[in-house]
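**Q**
In our numbering, the protein residues as written are 1 to 453.
#1: How far does the beta strand (DSSP E) with residue 148 in it reach, from first residue to last?
#2: DSSP beta-bridge partners for residue 183?
#3: For residue 431, count neighbouring C-beta atoms within 10 Å of its own C-beta (all shown protein chains included) and say buried if the count is 16 or more, exposed if not.
#4: Per the contact definition of three or more C-beta pairs closer than 8 angstroms, is the stretch 129 to 148 in contact with the stretch 172 to 180?
#5: Who does residue 348 pair with in a DSSP beta bridge?
#6: Please classify residue 86: does DSSP put it in a helix, a strand, or coil?
#7: Locate the alpha helix (DSSP H) running through residue 114, then write down its first and last residues.
#8: Which class does residue 226 belong to by DSSP, given the choice of helix, strand or coil?
#9: Could you compute how far the alpha carbon of residue 67 sits from the alpha carbon of residue 195?
#10: In three-state DSSP terms, what is residue 127?
#11: Should residue 447 go down as buried or exposed, given a rule of 16 or more other Cβ atoms within 10 Å for buried?
#12: Verify whether the separation of the beta carbon atoms of residue 135 and residue 173 is less than 8 angstroms.
#13: Report the rounded CA-to-CA distance for residue 414 versus residue 200, giving the unit in angstroms.
#14: Kindly confirm or deny that the stretch 269 to 279 and the stretch 226 to 240 touch, where touching means at least three C-beta pairs closer than 8 angstroms.
#15: I believe residue 124 touches residue 185 by the beta-carbon criterion, under 8 angstroms. Please report the beta-carbon distance rounded to the nearest angstrom.
#16: Between the C-alpha atoms of residue 227 and residue 334, what's the straight-line distance to the nearest angstrom?
#17: Considering Cα atoms alone, identify which of 292, 371, 281, 100 is closest to residue 321.
#18: For the stretch 212 to 231 against the stretch 340 to 351, are there 3 or more C-beta pairs whose distance is under 8 angstroms?
#19: Which complete alpha helix (DSSP H) runs does the stretch 324 to 404 hold, if anything under 4 residues is left out?
#20: Contact defined as beta carbons within less than 8 angstroms: I believe residue 287 pairs with residue 133. What is the distance between those atoms, to the nearest angstrom?
#21: Looking only at its own chain, which residues have a Cβ that is under 6 angstroms from the Cβ of residue 426, when we skip the five neighbours before and after it?
#22: Can you tell me which of the three DSSP states residue 265 falls into?
#23: For residue 383 and residue 259, I'd like the C-alpha separation in whole angstroms.
#24: Between the Cα of residue 221 and those of 153, 116, 441, spot the shortest distance and give me the residue it belongs to.
#25: Using the beta-carbon count (16 or more within 10 Å), is residue 379 buried or exposed?
#26: On the criterion of 16 or more Cβ atoms from any shown chain inside 10 Å, does residue 183 qualify as buried, or is it exposed?
#27: Would you tell me roughly how many angstroms separate the C-alpha atoms of residue 26 and residue 420, rounded to the nearest one?
#28: Keeping to the same chain, check which residues put their C-beta closer than 6 angstroms to that of residue 170; ignore five residues upstream and five downstream.
#29: Can you tell me whether residue 245 is buried or exposed, with buried defined as 16 or more other CB within 10 angstroms of its CB?
#30: What separation, rounded to the nearest whole angstrom, lies between the Cα atoms of residue 389 and residue 362?
#31: For residue 404, which residues from the same chain have a beta carbon less than 6 angstroms from its beta carbon, with the 5 sequence-adjacent residues on both sides left out?
#32: Which residues in the same chain have their Cβ closer than 6 angstroms to the Cβ of residue 290, if we skip the five residues on either side of it in sequence?
#33: Below 7 angstroms CB to CB, which residues in the same chain sit around residue 115 once its five sequence neighbours on both sides are set aside?
#34: How many Å lie between residue 111 and residue 211 at the Cα?
#35: Assign residue 452 to buried or exposed, taking buried as 16 or more other Cβ atoms, counted over all protein chains shown, within 10 Å of its Cβ.
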C-alpha cells in the first residue's frame, strides 16, 4: 500500500479564479499460519502483499495490477482500495462464520441473512477509512525502520481497517434511520430494506467490530486499539445528538422566530463542534490514532491519541507530540471534508454527487448556513428560514447572493495551506505522505464534482 503513495505535494495553487476545480468477548483460537509462499514482505511491496494475502486465503489467485508511485493519485488510491477490499472475505466473512460456529452452531439460515446484511451495509463505499488505517500504519512502520512486515501482520492491520468500516456501517444505518433517509450509495437505505431488524443491526454491526479486533489482535494491542475506538464512538454519538438538536432548532424557526437564538446557536462555533464530534473523530482521527497504536509507538503517545482532544489552538506555538500533531491534522482534515460535502450539496453536479439540496431539505446546520447567518441581515434570514414550499430554492439563492462559493474557495486555499504546513512540521514523525494523499484526494473531489455552470 505504501508503495503507491505519491511524493510529497507542492503547495496547492490558488483556486479563487477557477471553477474547475462491556462484555468480554471469548478468546478465539489463533489464526492459521500465513501461506509459505508469502511469509514476509517488505513495506514497499505491501500493495502486492495485501492482494496476495487475501487471494491466497480466499482462493482467488487473479492477476494483480498495482500502479507504480508515478501513477496519478486517483489510480494509486484506487489500487490501495482494491488490495484492501480483496481481504473482506477472509477477515469479515470468516469472522462472522467463526462467531456463528462458536456461539450459534447450526443456524445457517441466520448466518446467511447476516452475511447479506453485512455486505449490503458495509460494502459499496470507497473504504477510504479502512485503507487509511493500513497506509498510515505501514508508513509509520517504515519511519521506524521496520523493513519487513509479515503477511500475517498485514492481515492484522487490515482487520483494524475492516473493524472501522463495520463501525462506519453502523453509524450510517443509524444516521439514515434518524434522518428518515431513503437512499444511501445509490440504493435503498437498510431500514427501507429490513425495517424490523434495522435497529438491532446497528448494535450488531457496532459490537461485531470489536469481535473482529479481538479475533485478530493480541491482548495488548487489542486493549490500546479498543480504547481509541470506544473513545471515538462516544464522541460520535454525542455529535449525532448535536446534529439532531440543531436541526430541531431550524425546523421550528418558521413558527417561532428568535433572531437572538439564530445568531447564538446557528453559529460557526456550533457547526465546528458538530463536525468535530460527528465526522472528524471517526473519519480521520480514529484511523490515524489506530495506526499509531499498530506501529508500536510509545505508551505515552498511544495514551495521547486515546484521549482524542481537539488540539487546534492557533496560539499554541510549542512543539507538539506525535499524538497531538496527528489529532490536530485529523480534526482539520475532517472539517475540510465536511465543509466540502456541504458545499457540493449546493454547488455540486447531482449526476456526480448523487444528491443536491438534501442537507438543506433536512434542515441541517451546514457550513453555508452558518456563514449565511454570520453575513446576512435579519430580514433576509427570516425570509429564507420561514419559506416553506420553496425552502431549498430560497436558501440556495441566499447562498448565491452572499457569494458563498467565493468564500468556500478562499477557505479551501487557506485550510490546504494550513494542513500542509502542519504536515511539514511533523514530517519526520507522522505519516505525512498518507495525509497529503488524503488531502489531495479531498481537494480533487471538489474539482471533479462541482457543477460547471
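Note that beta-carbon positions come from the ideal geometry of N, C-alpha and C, so glycine has one too. All figures in this text were calculated on a predicted structure; none of them were measured in a lab.
**A** In short:
#1: 148 to 150
#2: 188
#3: buried
#4: no
#5: 450
#6: coil
#7: 108 to 122
#8: helix
#9: Confidence in residue 67 is poor, its pLDDT being 29 and thus under 50, which makes the residue's placement unreliable; the coordinate value appears in the next sentence. Answer to the nearest angstrom: the Cα atoms are 43 angstroms apart.
#10: coil
#11: exposed
#12: no
#13: 43 angstroms
#14: yes
#15: 4 angstroms
#16: 21 angstroms
#17: 292
#18: no
#19: 350 to 353, 358 to 361, 367 to 375, 378 to 386, 391 to 401
#20: 4 angstroms
#21: 325
#22: helix
#23: 12 angstroms
#24: 153
#25: exposed
#26: exposed
#27: Residue confidence is low: residue 26 scores 35 on pLDDT, short of 50, so the model does not pin down where it sits. Its coordinate-derived value is still stated next. For residue 26 and residue 420, the distance between alpha carbons rounds to 44 angstroms.
#28: 202, 205, 206
#29: exposed
#30: 14 angstroms
#31: 368, 371
#32: 133, 160, 225, 228
#33: 93, 96
#34: 16 angstroms
#35: exposed
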